[in-house]
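Numbering of the sequence shown is given in UniProt numbering, commencing with residue 1 and proceeding in unit increments. Ideal Cβ positions, reconstructed from N, Cα and C, are used throughout, including at glycine. Values in this document were obtained by computation on a predicted structure and should not be read as measured data. Working notes, beginning with the structure itself.
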Amino acid sequence: MAVYHDEVEIEDFEYDSVAEVYYYPCPCGDRFEISKLELQCGEDVARCPSCSLIIKVIYDLDEFMVCESIAMPVSEVANMFPNIVVTEFHKIVCLAKFFIMLSKAFVCFGIRNKVVLFSPYIRTFSTSEAYLAKMTVRDALNAAIDEEMHRDDRVFLIGEEVAQYEGAYKVTKGLWKKYGDRRVVDTPITEMGFTGLAVGAAMAGLRPICEFMTFNFSMQAIDHIVNSSAKTLYMSAGQISSPIVFRGPNSTAVGVGAQHSQDFSSWYAQCPGLKVLSPFSSEDAKGLLKTAIRDENPVVFLENELLYGVPFDMSEEAMKDDFLIPMGVAKVERDGNHITLVSFSRMVQVCLDAAEELEKMGVSAEIINLRSLRPFDMETIKQSVMKTNHLVTVENGWHFCGVGAEICAQVMESEAFDYLDAPVLRVAGVEVPMPYAHNLETAAQPTPQDVIRVVKRSLNIK
């Protein structure tokens with residue numbers, strides 16, 4: 001647990017006008033840094049690379065004024081939360097526009113002999129024994145990589161701008177400073193080249209994490225992924241394994257055009273020898289990535305650019321260094337009785353939003369977050385379909401030969417088919433290359449309204 005100074009003032013922060021980066025000296029002796037670009041993009045959290053203390057930059061104080069807050073004596077807080085260091089601040093930190101987050105869970109500052117805990121980071125402060133922290137998907141991925149690199153010296157990171165620039169999406173922030181050039185390796189812009197190096201390193205006994213700036217660029221290296229990495233264990237009669245993780249953003253972003261917006265979920269999930277994961281929440285991201293890094297097989301880890309900055313609840317268990325989520329196990333995000341919605345990655349949120357509206361219509365939708373595309377949790381889907389008797393799949397990729405098509409086929413081939421009261425229906429992206437114009441880009445992707453329309457069709461609701 002870090003020890004905090006009793007005052008934090010705005011003048012403690014330095015600004016490098018050339019690099020456009022803000023710096024804050026951490027009590028441990030190192031320093032935080034957050035770039036102006038990150039602030040403009042909505043990223044407002046900085047982590048100390050040495051002690052993992054986090055600061056959050058607040059520009060709109062009203063954001064926190066509406067949240068639940070509790071004021072109590074310092075001693076009482078210390079008794080309630082023995083693992084948290086409580087420090088009395090003589091000045092109100094929020095006026096300096098910075099909050100210090102203790103244990104990655106509580107926003108805290110002191111007024112005289114009392115401590116005020118603001119709880120946008122706590123879902124059920126007064127009733128829950130295990131607090132819930134908020135963490136962005138970006139920070140969850142960063143924590144997973146950091147923890148596994150600390151745990152296993154064989155793990156290293158390789159890719160374009162992953163080191164000094166700290167990643168195109170800042171997922172690798174702080175890792176180069178902590179682990180150095182030997183384990184965080186910047187490469188030229190040649191996906192075929194550095195992917196081949198990574199696959200060779202995996203075959204030689206290391207555990208590479210190979211980052212693609214976007215999975216669209218993985219097409220430059222697909223020979224190494226599919227022919228070298230996925231097939232070598234089989235072709236060598238089990239003698240040569242390839243424990244490697246290929247990770248990066250997959251599917252659509254905003255305004256980046258057709259060649260940067262494709263969804264490769266079904267491409268890679270179709271290939272024997274690969275394991276394919278596609279997380280939705282921060283817990284998914286952390287637990288699945290740690291599992292992928294420890295796996296003895298090549299894993300394609302499909303993230304989503306639009307989820308990187310989204311904060312999700314993190315349980316006390318998920319904050320631990322040994323938190324893992326097994327592959328091939330789906331998660332029921334919402335219980336329901338009338339229809340099953342199966343999705344993954346960002347489309348899970350589309351389903352959740354649709355379910356809120358459907359509930360107002362008296363429709364109870366069960367939502368399954370696949371998380372793992374290969375191996376595939378068919379059992380959870382079957383059990384849900386046998387309960388609801390209706391199934392709709394939702395994905396951002398195309399209908400033809402998509403993940404939804406595979407789910408439909410497997411349901412048809414299983415005992416769950418006899419429980420269906422209507423055909424399995426699919427919601428997917430429009431069958432065109434992703435348009436650049438924002439209005440067309442939006443129209444090409446599934447929306448909650450699309451899901452609601454298809455659910456009504458399945459349930460024969462006019």
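Best match in the options for proximity to residue i [C-alpha to C-alpha]
i           : options                        : result
Pro311      : Val342, Leu274, Gln349         : Gln349
Ser343      : Ala258, Gly309, Val332         : Val332
residue 473 : Ile293, Phe264, Ala198, Ile339 : Only positions 1 to 462 of the chain appear in the structure, and residue 473 is not among them; the question remains open.
Leu370      : Tyr23, Arg346, Asp353          : Arg346
Asp450      : Leu420, Val394, Asn439         : Val394
Ala202      : Gly174, Ala168, Ile244         : Ile244
Tyr179      : Gly200, Ala168, Thr190, Arg154 : Arg154
Val300      : Leu420, Ser372, Gly309         : Ser372
His390      : Trp398, Asp377, His399, Cys408 : Cys408
residue 464 : His438, Trp398, Ser228, Met386 : In the structure as shown, the chain starts at 1 and stops at 462, and residue 464 therefore has no counterpart that could be examined.
Ser218      : Ala204, Ala237, Thr190         : Thr190
Lys360      : Val424, Ala143, Gly29, Ile452  : Ile452
Asn142      : Val424, Ile209, Phe417, Asp181 : Ile209
Gln383      : Leu420, Tyr308, Glu406, Phe400 : Leu420
Gln270      : Leu288, Val226, Asp295, Gln259 : Val226
Glu379      : Glu415, Leu352, Leu358         : Glu415
Leu358      : Ala168, Asp146, Val454, Arg247 : Val454
Phe156      : Thr252, Asn396, Leu425, Ala198 : Ala198
His146      : Thr136, Leu233, Lys170, Leu175 : It is Asp, not His, that sits at residue 146 in the sequence shown. Closest by alpha carbon: Leu175.
Met213      : Ala144, Lys462, Glu166         : Glu166
Asn396      : Glu441, Gly238, Phe323         : Glu441
Leu302      : Glu316, Glu283, Ser278, Phe323 : Ser278
Phe323      : Lys290, Leu352, Arg247, Cys351 : Lys290
Gly200      : Tyr169, Pro448, Thr232, Arg182 : Thr232
Tyr169      : Arg247, Arg182, Gln239, Met235 : Arg247
Asp377      : Pro448, Val276, Asp295         : Val276
Asn304      : Glu33, Met412, Arg138          : Arg138
Tyr234      : Ile368, His150, Leu274         : Leu274
Strand pairing of residue i, partner residues [DSSP]
i      : result
Arg374 : Val276
Lys331 : Asn369
Lys134 : Asp313
Gly248 : Leu302
Arg426 : Thr393
Ile339 : Ala365
Sub-9 Å separation of residue i and residue j beta-carbons
i           : j      : result
Phe280      : Pro249 : no
Gly328      : Pro375 : yes
His224      : Thr187 : no
Met192      : Ala163 : no
Leu341      : Ala354 : yes
Glu211      : Glu148 : no
Lys177      : Pro49  : yes
residue 467 : Ala285 : Only positions 1 to 462 of the chain appear in this structure, which leaves residue 467 out of reach.
Ser242      : Ser228 : yes
Ala253      : Leu306 : yes
Ala443      : Val424 : no
Ser261      : Ala318 : no
Ala237      : Tyr436 : no
Glu406      : Ser315 : no
Arg426      : Val385 : no
Ile325      : Leu352 : no
Gly205      : His438 : no
Thr388      : Asn337 : yes
Arg294      : Asp152 : yes
Supposed close pair residue i, residue j - CB separation, criterion 8 Å
i      : j      : result
Ile381 : Val363 : Not quite, the Cβ-Cβ distance comes to about 19 Å (not below 8 Å), so this is no contact.
Glu366 : Asp335 : 6 Å
Asp313 : Lys456 : So it is not a contact: roughly 31 Å between Cβ atoms.
Thr136 : Gly309 : 6 Å
Ser458 : Ala422 : 5 Å
Tyr23  : Asp30  : With a Cβ gap of about 10 Å, Tyr23 and Asp30 do not count as contacting.
If we require 4 or more residues per run, which alpha helix (DSSP H) segments fall completely within the segment 156-236? 175-179, 191-203, 232-235
Where in the segment 354-423 do unbroken runs of the alpha helix (DSSP H), each at least 4 residues long, occur, reported from the N-terminal end onward? 378-388, 403-412
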